[in-house]
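Quick notes on the structure that follows.
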Ligand SMILES: *Cc1c(COP(=O)(O)O)cnc(C)c1O
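Numbering (the numbering used here), first residue to last: -8 to 393.
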């Protein structure tokens, strides 16, 4: 990246744009993480995180890692080598979680789904109903598959578990959903929800955030034949976290930033933040429609409100669109991963964004698409988004002068 007067337009689904208030909150001298004062920062952060996950019990861990570390922590603290788990794979992130589970020694009952679809509720219900011996110890669901822009119905997974009266733990990957999409851990009976700092929390990468229910904590205590763990151990964390400290050096700057980002989320109102994501995503989808392009997500029920993966027409290489956007228009879009490489480009629309920023990226995408040979009418997508945003605006158009 070269130094320019204008900030590059960052529209990848993480890291997301860091608000100035968050960036400035991290621009402080290094601090003493064992001081008597430090818990005044950390204890409220732990409590406030519970509100973002909408938990009814349990606790939140903050690891100095990326989201992948929180994935690993969820598994190694609750399951034993050889345990059977139910998982589904329909994009690069759900694929990597399956890969991790296998490498850690779990026996994965796998639903391999078409990319562009999500967690297969009927199959899950079927498999759980048949598992009368309760061999399945945990059910995994990727809430928002970032590679394909697919959201799945976590309440539906809970229903499948309840219908089968199945006691398995429910693990959810919420890395690209928590703080942006509805996440109701308590109501949905989610036992471990994985997140990270660089998506909905609008921070740099470096925190693995893991919310766990009381049931998961109990599973951790009663576990036989445990998996080896050290850095990601819950036991070590609990001992020190209760007093506001950590078993090793926490990412102090990032936790300051997290405080600021939580303040911003609560100032806007978590539900308003979620509604804003739906609104901005709807504008993007209106543009995609107007361009005559299709999303990778096969049906509206899979549409993600944090990222759209857009298929380029046959004969066009999505990599060229990405490169053109980057070099010509100073705009970073998400690349196509694995099976959809070259076929899709992604617009990340989560975090600190508003209509004007979405309009900007759509404008740049229109040019990049046209430059690469996609027959786009300039103004078609941006116009459709403008139409949608102005028609559904909730703020008054005019205000009387004070
Ligand atoms: C980004 C992401 C991850 C990986 O998180 P890292 O912070 O890169 O380790 C996992 N799952 C989903 C759904 C993601 O979007």
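Ideal placement from N, C-alpha and C gives every residue a C-beta, glycine not left out. Because the structure is a prediction, the values reported are computed rather than measured.
Exercise. Relative to the alpha-carbon of residue 274, which residue among 62, 4, 346, 10 has its alpha-carbon at the smallest distance?
Worked result: Minimum Cα distance to residue 274 is reached at 346.
Exercise. Identify the residues that DSSP records as bridge partners of residue 338: which are they?
Worked result: Answer by DSSP bridge pairing, in chain order: 299.
Problem set entry | Segments assigned beta strand (DSSP E), at least 3 residues, entirely inside the region 127 to 178 | Runs found: 127 to 133, 160 to 164.
Problem set entry | Cut-off 8 Å between Cβ atoms - residues of its own chain near residue 335, not counting five sequence neighbours on either side | Result list for residue 335: 139, 287, 300, 301, 302, 303, 309, 327, in chain order.
Exercise. Quick one: what does DSSP say residue 381 is sitting in, helix, strand or coil?
Worked result: The answer is helix: DSSP assigns residue 381 an H, G or I state.
Problem set entry | Three-way DSSP call (helix, strand, coil) for residue 103 in this model | In the three-state scheme derived from DSSP, where H, G and I count as helix and E and B as strand, residue 103 is classed as strand.
Problem set entry | Whole-angstrom C-beta distance between residue 75 and residue 127, which should lie under 8 Å | Going by Cβ atoms, the distance from residue 127 to residue 75 rounds to 5 Å, so yes, they are a contact pair.
Exercise. What do you reckon, is the C-beta of residue 190 under 7 Å from a heavy atom of ligand 1?
Worked result: Correct: residue 190 has its Cβ closer than 7 Å to ligand 1.
Exercise. For the alpha helix (DSSP H) that residue 358 lies in, which residues bound it at each end?
Worked result: Start and end: 346 to 362.
For this session: Let me know the secondary structure DSSP gives residue 112 once reduced to three states.
Result: Looking at residue 112 - three-state DSSP - the assignment turns out to be helix.
Problem set entry | Rounded straight-line distance, which links the Cα of residue 64 to that of residue 284 | Answer to the nearest angstrom: the Cα atoms are 39 Å apart.
Exercise. Should residue 35 be labelled buried (16 or more other beta-carbon atoms within 10 Å of its own) or exposed?
Worked result: Residue 35 counts as exposed, since fewer than 16 other beta carbons sit within 10 angstroms of its beta carbon.
Exercise. Is residue 144 near ligand 1, in the sense that its beta carbon is under 7 Å from a heavy atom of that ligand?
Worked result: Distances between the C-beta of residue 144 and the heavy atoms of ligand 1 are all 7 Å or more.
For this session: Compute the distance between the beta-carbons of residue 295 and residue 85, then report whether it is under 8 Å.
Result: The Cβ atoms of residue 295 and residue 85 do not sit closer than 8 Å to each other.
For this session: May I have the straight-line CA-CA distance separating residue 256 from residue 124, to the nearest angstrom?
Result: Each residue's Cα considered, the two are about 44 Å apart.
Exercise. Of all the options 377, 316, 157, which has the alpha carbon lying nearest to the alpha carbon of residue 355?
Worked result: Per the C-alpha coordinates, the member of 377, 316, 157 positioned closest to residue 355 is 316.
Exercise. Taking Cβ positions, are residue 129 and residue 148 nearer each other than 8 Å?
Worked result: At a Cβ-Cβ threshold of 8 Å, residue 129 and residue 148 do not count as neighbours.
Exercise. What three-state label does DSSP hand residue 250 in the structure shown?
Worked result: Residue 250 falls in the helix class under three-state DSSP.
Exercise. CB of residue 38 to nearest heavy atom of ligand 1: below 7 Å?
Worked result: For residue 38, the Cβ stays outside the 7 Å cut-off from all heavy atoms of ligand 1.
For this session: Can you tell me which of the three DSSP states residue 415 falls into?
Result: Since the first residue of the chain shown is -8 and the last is 393, residue 415 is not available in this structure.
Exercise. Where does residue 276 sit, in a helix, a strand or coil, going by DSSP?
Worked result: In the structure shown, residue 276 sits in a helix (DSSP, three-state: H, G or I).
For this session: With a threshold of 7 Å, establish whether the CB of residue 226 neighbours any heavy atom of ligand 1.
Result: No - ligand 1 has no heavy atom lying nearer than 7 Å to the Cβ of residue 226.
Exercise. Where are the beta strand (DSSP E) runs, 3 residues long or more, that stay fully inside the region 9 to 75, in chain order?
Worked result: If we require 3 residues or more, the beta strand (DSSP E) runs fully inside the region 9 to 75 come out as 50 to 54.
For this session: Say yes only if the C-beta of residue 395 is nearer than 7 Å to one or more non-hydrogen atoms of ligand 1, and no if none qualify.
Result: What the structure shows of the chain is the stretch from -8 to 393, and residue 395 is not part of that stretch, so it cannot be assessed.
For this session: Out of 39, 94, 161, state which residue places its alpha-carbon closest to the alpha-carbon of residue 251.
Result: Check the Cα spacing between residue 251 and each of 39, 94, 161: the tightest is with 39.
Problem set entry | Cβ-Cβ distance between residue 6 and residue 196 below 8 Å | Yes. Within cutoff.
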